[in-house]
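Below is one structure, written out as structure tokens; the observations come after it.
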Amino acid sequence: MSDATQYANTGKFNARVELHARFSTNAYPWPRWVRDQIEAPEQADVLELGCGTGLLWLANADRIPAGWQVTLSDFSEGMLEGTKAALAAVNHPFRYEQMDASHIPYPDDSFDLIIANHMLYHIEDRQQALREIARVLRPGGILCASTIGNGNMREVKSLMRDFRSGSNYEAALGTVSERFSLDNGAEQLGQVFKQIETRLYANTLHVTDPEAIVRYLLSVNGLIEGAVALPPELVESFSAFLQSRLDDEGAFDISTESGLFIARNNG
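Residue 24 in UniProt numbering sits at position 24 of the sequence shown; the count goes up by one each step and never skips.
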């Protein structure tokens, strides 16, 4: 299963979002924090690349300036259809467009703000995509690109190793830390943008439902083609393993490393 298959619809994406939405210890939600970091004038052309389920806009429906012309894009038509349905009740005239971030079908200097929320690590040729982003950003425009760090959810990696040595969990995550992370993203952005800031979101997970971890791991299956984090035939035994751990420890405390880069297009 490729990235395209993973994101053919919103199901697996939602399973990953659920774990963080239910068990985050930071009471201030991630999508609200991301919106806090976004700087753009009241009149602006905005493009989101890889809009997913539209969660950023749903969680910030009260914070979308009327003067923002917002284009929501995704490589997956199925994901876009889910986004349209989710945002139907939000009073803003969003535009929806299927798009490959490596070939943005807009002329130079089209946007004041581009958002890439946890998506750049899915792109094989990131430098091509970053050049495209810089091309369609106006002078002074901003790219807001979020991602995770190398140590994100390291306790889940330990759980998988304890359950089954040789687990493919890290491979199934697609070696995100090797692609585009908080640890190496600034260097990659720096090949295209001259002014870059890193901003971190403080959070951990306090998980009391082992089935949420199971659903999360099943959603990771196929994130990279051929990599399976949790084989379906092992779900029952892994659930029992987690329940036993939970009975002993009371909860699973999981570290997270999330944040974003603000890259300014100084021309």
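All C-beta atoms in this analysis are idealised placements derived from N, C-alpha and C, irrespective of residue type, glycine included.
Leaving aside the five residues that flank THR204 on each side, the residues in its chain whose CB is nearer than 7 Å to its CB run, in chain order, THR25, ASP253, ILE254, SER255 and THR256. Of GLN128, GLU97 and ARG16, the smallest CA-CA separation from HIS118 is found for ARG16.
Per DSSP, the unbroken alpha helix (DSSP H) holding PHE163 starts and ends at 154-163. DSSP places HIS92 in the coil class of the three-state scheme, outside both helix and strand. Distance from ALA61 to PRO31 at the Cβ level is roughly 10 Å; contact not present, criterion being Cβ atoms closer than 8 Å. Distance from the CA atom of GLY226 to the CA atom of TYR28, rounded to whole angstroms, is 36 Å. Of all C-beta pairs linking the stretch 155-166 to the stretch 98-115, fewer than three are shorter than 8 Å, placing the two stretches out of contact. Remark: fewer than three beta-carbon pairs, one from each stretch, lie closer than 8 Å, so the stretch 37-44 and the stretch 225-243 are not flagged as touching. Residues ILE254 of the same chain have their beta carbon placed closer than 6 Å to that of MET153, with the five preceding and five following residues left out of the count. For SER244, the three-state secondary structure derived from DSSP is helix. In the DSSP assignment, SER146 falls within the unbroken beta strand (DSSP E) covering 137-148. When rounded, the separation of the alpha-carbon atoms in TYR106 and GLY141 is 15 Å. Here DSSP, grouped into helix, strand and coil, assigns GLU257 to coil.
Distance from the CA atom of SER258 to the CA atom of ASN184, rounded to whole angstroms, is 13 Å. DSSP places THR71 inside the beta strand (DSSP E), whose first and last residues are 68-74. Counting the other Cβ atoms within 10 Å of the Cβ of THR208 gives fewer than 16, which makes it exposed. According to the DSSP secondary-structure assignment, TYR201 is paired through a beta bridge with SER258. In the DSSP assignment, LEU113 falls within the unbroken beta strand (DSSP E) covering 111-117. In the DSSP assignment, ASP36 falls within the alpha helix (DSSP H) that extends over 30-37.
For ALA227, DSSP assigns no beta-bridge partner whatsoever.
In this structure ALA229 does not touch LEU246 by the C-beta definition: roughly 19 Å separates them, more than the 8 Å allowed. In the structure shown, the three-state DSSP call for ILE213 is helix. Taking C-beta atoms under 8 Å as the contact rule, LEU56 and ILE114 fail to qualify, at a distance of about 13 Å. Comparing alpha-carbon positions, the option among ARG179, GLU233 and ALA21 lying closest to ASN150 turns out to be ARG179. Secondary structure note for ALA85: its alpha helix (DSSP H) is the uninterrupted segment 77-86.
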